[in-house]
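Written out below as structure tokens is the structure these notes cover.
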Amino acid sequence: MHNRNCPECGVESDEWADIKKCSVCGHSELRMLSLRVESDKIITFGRLKTIANNAWIKPHLGEDYKFWDKNYQMIFEPSEGEWKLKANDAALNATLIDGKKLVGEVILTNGMKIAVGKEATDDMPEIIKSPMQVILE
Ligand SMILES: [Zn+2]
């Protein structure tokens, strides 16, 4: 059974059940998500679901934004107190997690490396664009 009650104030809500954030007292078990990009810039999400496409990443990157999908490349989504990352399987370039192509979704952990590009194959070395490091705090 899912716990539907905030441990802080005890109020039962769909919001607590879904994203582990209480709109009554403000208590949250979801950590704040940021990404560190190569230039050492930090992209801060706070606790909001973010659909990331090339227009979204452009201000944070150099030319590497071109490798991101126009529609969406990946989605950052709070779910049951964790951050999930979903890849767009139809994107031209893969979303890579620690160098491996992400299929479907993954729960983000501190220090994980996200990039866009191609996984290494027998004939080709990996292609890593826009490497970013996950920061959860
Ligand atoms: Zn509460």
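Going by our numbering, the sequence shown opens with residue 74, and the numbers climb by one from there. Just so it is clear, CB atoms sit at the ideal spot from N, CA and C, and this is done for glycine as well.
Short Cβ contact (8 Å threshold) for residue i with residue j
i: residue 200; j: residue 191; result: yes
i: residue 156; j: residue 209; result: yes
i: residue 236; j: residue 89; result: Beyond the ends of the chain as shown, which are 74 and 210, falls residue 236; an answer cannot be given.
i: residue 161; j: residue 145; result: yes
i: residue 207; j: residue 181; result: yes
i: residue 149; j: residue 123; result: yes
i: residue 85; j: residue 95; result: no
For residue i, the nearest candidate out of the options (CA to CA)
i: residue 127; options: 194, 137 and 88; result: 137
i: residue 203; options: 197, 179, 194 and 168; result: 168
i: residue 178; options: 158, 164, 196 and 100; result: 158
i: residue 92; options: 80, 102 and 198; result: 102
i: residue 111; options: 195, 188 and 196; result: 188
i: residue 164; options: 77, 141 and 195; result: 141
Exposure label - residue i; buried when at least 16 CB within 10 Å
i: residue 121; result: exposed
i: residue 151; result: buried
i: residue 74; result: Note that residue 74 has pLDDT 42, beneath the 50 cutoff, so the model's placement of it is unreliable and the number below is only indicative. By the neighbour-count rule (16 or more Cβ atoms within 10 Å), residue 74 is not buried but exposed.
i: residue 105; result: exposed
i: residue 205; result: buried
i: residue 170; result: buried
i: residue 130; result: buried
Host alpha helix (DSSP H) of residue i (start-end)
i: residue 136; result: Unbroken run through residue 136: none, as it is neither H nor E.
i: residue 88; result: 87 to 92
Range of the contiguous beta strand (DSSP E) that encloses residue i
i: residue 129; result: Where residue 129 is concerned, there is no enclosing beta strand (DSSP E), although the alpha helix (DSSP H) it sits in stretches over 127 to 130.
i: residue 203; result: 200 to 209
i: residue 150; result: 147 to 152
i: residue 77; result: Here residue 77 belongs to no beta strand (DSSP E), and DSSP marks it neither H nor E.
i: residue 156; result: 155 to 160
i: residue 117; result: 115 to 119
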